[in-house]
Amino acid sequence: MILIKLGIVTSGIAPVIVECNEPETIPREDLLNWIEIEEIPEPVLQAGKTPNLYYNLETGQLFYEYSDRQLSPEERIQQLEAELTVSKEDNVSNMLAITELYELILGGTA
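Note that the working numbering has the sequence shown beginning at 1, numbered continuously upward.
Printed below as a string of structure tokens:
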């Protein structure tokens, strides 16, 4: 059993502000302010995004909304390496096209 505490409710949706995996640590008089759930879903990790957990009071469902954040140095390096790989592949394609065009201009066949 997991307990969650919610932030300000807007249109039946509230952010989860606290998660507690040890319900016995919560004073009995405070338990009314907590919601009992079975499990918390795992967020989908996305570069440049922060998962924010929300609770739908009407359906009792937990879900994530993702907000933008600055890339970590490691994520930025991965992004640049991926862009470099694409650039290299494009460069090779362009060089082949130029070679074929050059051969056509000289009267050869491509």
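Using N, Cα and C, we set each Cβ at its ideal position, and we do this for glycine too. Since we're looking at a predicted model, the values are computed, not measured.
Would you mind working out which of the options sits nearest residue i, comparing C-alpha positions?
i	options	result
E6	Q78, Y54, L31 and T85	In the sequence under discussion, the amino acid at residue 6 is Leu, which differs from the Glu named in the question. L6 has its Cα closest to that of Y54, out of Q78, Y54, L31 and T85.
N21	I105, L104, I37 and F63	I37
P43	E89, I26, E24 and Y64	Y64
T10	E24, I26 and L57	L57
Look up residue i in the DSSP assignment and give the residues it is bridged to.
i	result
Q61	N56
I4	E19 and I35
D68	K49
T10	I13
I think residue i touches residue j, with their Cβ atoms under 8 Å apart; what is that distance to the nearest whole Å?
i	j	result
I40	I2	6 Å
S67	T50	5 Å
A47	E75	5 Å
E19	I4	6 Å
N52	P15	6 Å
Those runs of the beta strand (DSSP E) which lie wholly inside the stretch 12 to 58 and span at least 3 residues: 13 to 20, 35 to 37 and 49 to 56
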